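If you read the sequence shown in our numbering, its first letter stands for residue 2, the second for the next number, and so on.
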Amino acid sequence: MSVSAANSAQARALIELTANSGVRHAVVSPGSRNTPLLLAIQEHSKIKIHVVLDERTAGFFALGLARASGAPVVLSCTSGSAGAHYLPAVIEAYHSRVPLILLTANRPHELHGVGAPQTVAQDRFFGGFVRYYQQLNIPGDGTPIAMTRAVVYRAMIAAMGSPNGPVHLDCPFREPLWSQVDSTATEELPQKPISLTRSHPVPSHEDISRISERLQLAKKGVLVVGPMNGCSELNAAAHDLARRLGWPIIAEPASSILAHDNDSLLVTAADTIVRSNGFADKHIPDLILRVGPLPTSKQIARWTAGSPCILLEESGSALDPTHSLIEVIEGAPAKVLESIVSQLPQAPKESDWMADWRTANTTAELHIAATCNEGFWEGSIARSVIKTLPENAMLHVASSMPIRDLGSFGGARRRDLTIYSSRGANGIDGTIATALGEAHIHDKPALLVCGDLAFLHDIGSLVASRNTRSNLIVLVIDNSGGGIFHELPISDHTEIFEQLFITPQSVDIGSLCDGIGIDNVQVSSTNELELALGKAIVTTKTDGGVQVITAKVSREFSVEQRRKTFERVRSALGKPSEGELQ
Numbered sequence: 002m003s004v005s006a007a008n009s010a011q012a013r014a015l016i017e018l019t020a021n022s023g024v025r026h027a028v029v030s031p032g033s034r035n036t037p038l039l040l041a042i043q044e045h046s047k048i049k050i051h052v053v054l055d056e057r058t059a060g061f062f063a064l065g066l067a068r069a070s071g072a073p074v075v076l077s078c079t080s081g082s083a084g085a086h087y088l089p090a091v092i093e094a095y096h097s098r099v100p101l102i103l104l105t106a107n108r109p110h111e112l113h114g115v116g117a118p119q120t121v122a123q124d125r126f127f128g129g130f131v132r133y134y135q136q137l138n139i140p141g142d143g144t145p146i147a148m149t150r151a152v153v154y155r156a157m158i159a160a161m162g163s164p165n166g167p168v169h170l171d172c173p174f175r176e177p178l179w180s181q182v183d184s185t186a187t188e189e190l191p192q193k194p195i196s197l198t199r200s201h202p203v204p205s206h207e208d209i210s211r212i213s214e215r216l217q218l219a220k221k222g223v224l225v226v227g228p229m230n231g232c233s234e235l236n237a238a239a240h241d242l243a244r245r246l247g248w249p250i251i252a253e254p255a256s257s258i259l260a261h262d263n264d265s266l267l268v269t270a271a272d273t274i275v276r277s278n279g280f281a282d283k284h285i286p287d288l289i290l291r292v293g294p295l296p297t298s299k300q301i302a303r304w305t306a307g308s309p310c311i312l313l314e315e316s317g318s319a320l321d322p323t324h325s326l327i328e329v330i331e332g333a334p335a336k337v338l339e340s341i342v343s344q345l346p347q348a349p350k351e352s353d354w355m356a357d358w359r360t361a362n363t364t365a366e367l368h369i370a371a372t373c374n375e376g377f378w379e380g381s382i383a384r385s386v387i388k389t390l391p392e393n394a395m396l397h398v399a400s401s402m403p404i405r406d407l408g409s410f411g412g413a414r415r416r417d418l419t420i421y422s423s424r425g426a427n428g429i430d431g432t433i434a435t436a437l438g439e440a441h442i443h444d445k446p447a448l449l450v451c452g453d454l455a456f457l458h459d460i461g462s463l464v465a466s467r468n469t470r471s472n473l474i475v476l477v478i479d480n481s482g483g484g485i486f487h488e489l490p491i492s493d494h495t496e497i498f499e500q501l502f503i504t505p506q507s508v509d510i511g512s513l514c515d516g517i518g519i520d521n522v523q524v525s526s527t528n529e530l531e532l533a534l535g536k537a538i539v540t541t542k543t544d545g546g547v548q549v550i551t552a553k554v555s556r557e558f559s560v561e562q563r564r565k566t567f568e569r570v571r572s573a574l575g576k577p578s579e580g581e582l583q
C-alpha cells in the first residue's frame, strides 16, 4: 500500500472509531499535515464538520458543542504550533469536565530535531490537562489497524469516564499526504468498538441507608449545589430531597437547579443573605450536603466553611478548598439523590429553620427588586434577562461580574432555562466561541451575557461567528473596564487601581460590530433592554445569525447600587456584628 493510501486508510479508521463511540461534531482548522484527517471527517456521514480558521476559537467552539450536547467532539489541526492555541480551551475542558478529542497532526519522527519547518514535539503538549495522551503509529509501518482501535478505545474511555475531560492523540503522517489515485483506499476495520461495562452509578443499599439516616439527624441542614452542566433529573431530585428533609437549597446560578412553581425551597438570594452576620451567625448549618464544586460566591463559601460537609461528586474527587469534608460519595448525582429520597419519610412539618430561610429570602428579594428598579445598572440587567427570556432558552453567563450578579440579583429562575458558565478555570477566555458552540446545539433562543473586556478579549470569535451558523444574541455590559476589581481590597489603592486593574477602555462596540457586519443596537435603560431582547429573540427565530446588544452602564453607579442593596438587606435581617463578611 502506498504512503498516501496508508494515510487515508488510517485516518478513515480513526474517524470511524470515534464516530462509533459517539462523536457527531468535529471542529477543524485548515492546514496541510492534517489533510488525511480533514478528508476522513468531511466524508463521514455521521459527523458534522465545522471549519474555524483560528485554533483558539476552534477550541472554545468545540468546548461549547461538547458541553451542550454531552457528547465528545473532535478537534483537529495541522502540525507545528497550531495545537498550542487549543491550550486555554483544554484547560477549561479539563476543569469543567467536558470531553474533547484532540487529533493534532504531526510530522514523522525522522523530521524531528533536524530543523524541519513546522515541527514541534507534541508529548506533554497540554501538560497534565488531558486525561490521556498517545502518539499513533505512522501509517504504513506495518502496525495492524487493531492497535489503532485499542488506542481510540482507551482515549474515548478516558474522555467519557469519570470524570469526563479532554484527550490528545498525536497523529504523524508522511508525505505524500494525499493522492487522487489512492483517495478511496481503506483498510478492514473491526466491526464494533470495544465495549465497557461500568459499575452501578450509586453506592450500595447499605451505604445509602447509612447516609439517609445521617441526613435525617441534622436539625439545621443545607443542600448546596455548585456549577454543573444542565440536568433536569438533578433539579427534580434535589427538590425532592430538600422537601423530605426540610432543608433549604443554595444553588449556583450555572447549575441545574431552578425554582419549581409554588416552591420556595430554593434560596435565590443566598449570596446577599449570608453577607449579613445578623442572620448568618445565627443560622450556621450543622450539616451540609454539597453536590459538585463550591458555588462561585465567596460569601457562601466562607459561610459554609465551618460546617461539616458531605460531598456528592461523580468521580469521587475531594473538591474541598474549605477543608470541611467529612465524607465523599462517588456516584451519578441525580441517581444518588433519588436513592437517598427513597429511604426518607414523607416531608415533615415545616421547621423554624426552614421558615427562617423562607422569610429571609422573601425579605431579601423585596429589597433586591427595589434597588434593581432604581436606575439602569448591572443588577437590574441580570433581573431583566431572567424576566425576558422565554421558556427553554439557553443562557451563557460569562465569568467575572455577570455570573456573580446573576446569583446576587437575578431572582427566581422559574422558567425552564438551560444556564451555562465556564466555571472550570473561571476565566474569560473564549467566551464568545464557547457560547457559539453551545448555541449550535440548541434550537431555541440563545443568549450570552458578558462584560466588555470578555467581549473584546474574544473579538476574533465574533469574526468567526459568520461561519459557525449559530444563532446567538450577545448582550455586552459595557462599563468601560473591569468592574469586578471594585470588589477587591486593591480598590482602595487609588494611585494604581484605575490604570492597572480596571484597565479602562473606550472602544465603540457598535462601530466594531458594524465593521464586522454584525447587527447591533445600544440600550441605556431597562425598558430599552427588554424591548431589544424581545425583538432579538423574534429575529433569531426567523433570520438566525449573531446579534449584539450593548448595555452602556456606569461602573461607579453599579458599585454604589450593589453596596446599597447589601446594606438594605443587612439592616432588614438584623444588625451586623463585627467581622462582617465583605
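Positions of the beta carbon are idealized from the N, C-alpha and C atoms, including for glycine.
What you are looking at is a predicted structure, and each value in this text was computed from that prediction instead of being measured.
Nonlocal neighbours in the same chain, by C-beta distance under 7 Å from residue i, ignoring five residues either side
i	result
Ala255	Pro228, Val398, Ile404, Ile420, Tyr421, Ser422 and Arg424
Leu407	Pro254, Ala383 and Val398
Ile327	Pro309, Cys310 and Ile311
Asn35	Ser77, Cys78, Thr79 and Ala106
Arg563	Gly380
Ala122	His113
Ser210	Gln344
Beta-carbon proximity list for residue i, same chain, < 6 Å, skipping 5 on both sides
i	result
Asn427	Ser400
Pro349	Gly247
Met355	Gly247
Pro334	Leu235, Val292 and Leu313
Pro173	Asn107, Pro109 and Ile139
Met157	Ser22
Glu214	none
Residue i versus residue j - alpha carbon distance
i	j	result
Ser572	Thr364	11 Å
Ala515	Asn521	First, the residue type needs correcting, since residue 515 is Asp and not Ala in the sequence shown. The alpha-carbon atoms of Asp515 and Asn521 are separated by roughly 8 Å.
Thr469	Gly518	15 Å
Phe377	Glu531	12 Å
Ala20	Ile212	40 Å
Ser298	Ile42	42 Å
Val24	Val539	32 Å
Gly317	Val329	6 Å
Arg13	Gln181	16 Å
Gly60	Gly546	20 Å
Gly535	Ser3	59 Å
Arg569	Ala281	15 Å
Pro145	Ala67	31 Å
Asp208	Leu338	13 Å
Pro100	Glu375	44 Å
Leu437	Leu396	11 Å
Leu295	Thr305	10 Å
Thr360	Ile289	20 Å
Selection from the options that minimises the alpha carbon distance to residue i
i	options	result
Gly293	His284, Ile274, Ile251 and Ile139	Ile251
Ala260	Asn362, Gly307, Pro202 and Thr435	Asn362
Ser526	Lys553, Leu112 and Ile538	Lys553
Ala394	Ala447, Leu313 and Leu266	Ala447
Val203	Phe558, Ser343 and Glu568	Ser343
Ile1	Ala434, Ser481, Arg125 and Leu449	Because the chain is modelled from 2 through 583, residue 1 falls outside the range shown and cannot be assessed.
Gln136	Asp55, Gly143, Val153 and Gly129	Val153
Leu15	His45, Gly162 and His324	His45
Gly452	Ser462, Arg556, Gln548 and His443	Arg556
Leu104	Ser409, Phe127 and Ser97	Phe127
Glu529	Leu476, Ser507, Lys565 and Asn480	Leu476
Short Cβ contact (8 Å threshold) for residue i with residue j
i	j	result
Val268	Gln300	no
Ser257	Asn278	no
Trp358	Pro286	no
Ala106	Ser82	no
Pro629	Asn8	The requested residue 629 does not occur in the structure, where the chain is confined to residues 2 to 583.
Gly166	Arg125	no
His240	Leu218	no
Met148	Pro73	no
His169	Tyr134	yes
Leu618	Ala94	Given that the chain is displayed from residue 2 to residue 583, the structure contains no residue 618 and the question cannot be resolved.
Gln523	Ala537	no
Neighbourhood of residue i by C-beta distance below 8 Å, restricted to the same chain and skipping five residues each side
i	result
Leu178	Ser5, Asn8, Ser33, Arg34, Thr36 and Pro37
Ser578	Residue confidence for Ser578 is low, a pLDDT of 41 falling below 50, so the modelled location carries little weight; the figure read from the coordinates is stated next. Correct list, in chain order: Asn278, Gly279 and Asp282.
Contiguous alpha helix (DSSP H) assignments of at least 4 residues, all confined to the stretch 314-401: 334-342, 353-373 and 379-389
Within the stretch 403-451, ranges of the alpha helix (DSSP H) (whole runs, at least 4 residues): 432-442
Start-end ranges of the alpha helix (DSSP H) lying completely within the stretch 258-311, minimum 4 residues: Taking 4 residues as the shortest admissible run, the stretch 258-311 contains the following complete alpha helix (DSSP H) segments, listed from N- to C-terminal end: 271-274, 278-281 and 299-305.
Length-filtered (4 minimum) alpha helix (DSSP H) runs lying within the stretch 136-192: Listed in chain order, they are 146-160.
Contiguous beta strand (DSSP E) assignments of at least 3 residues, all confined to the stretch 539-566: 547-553
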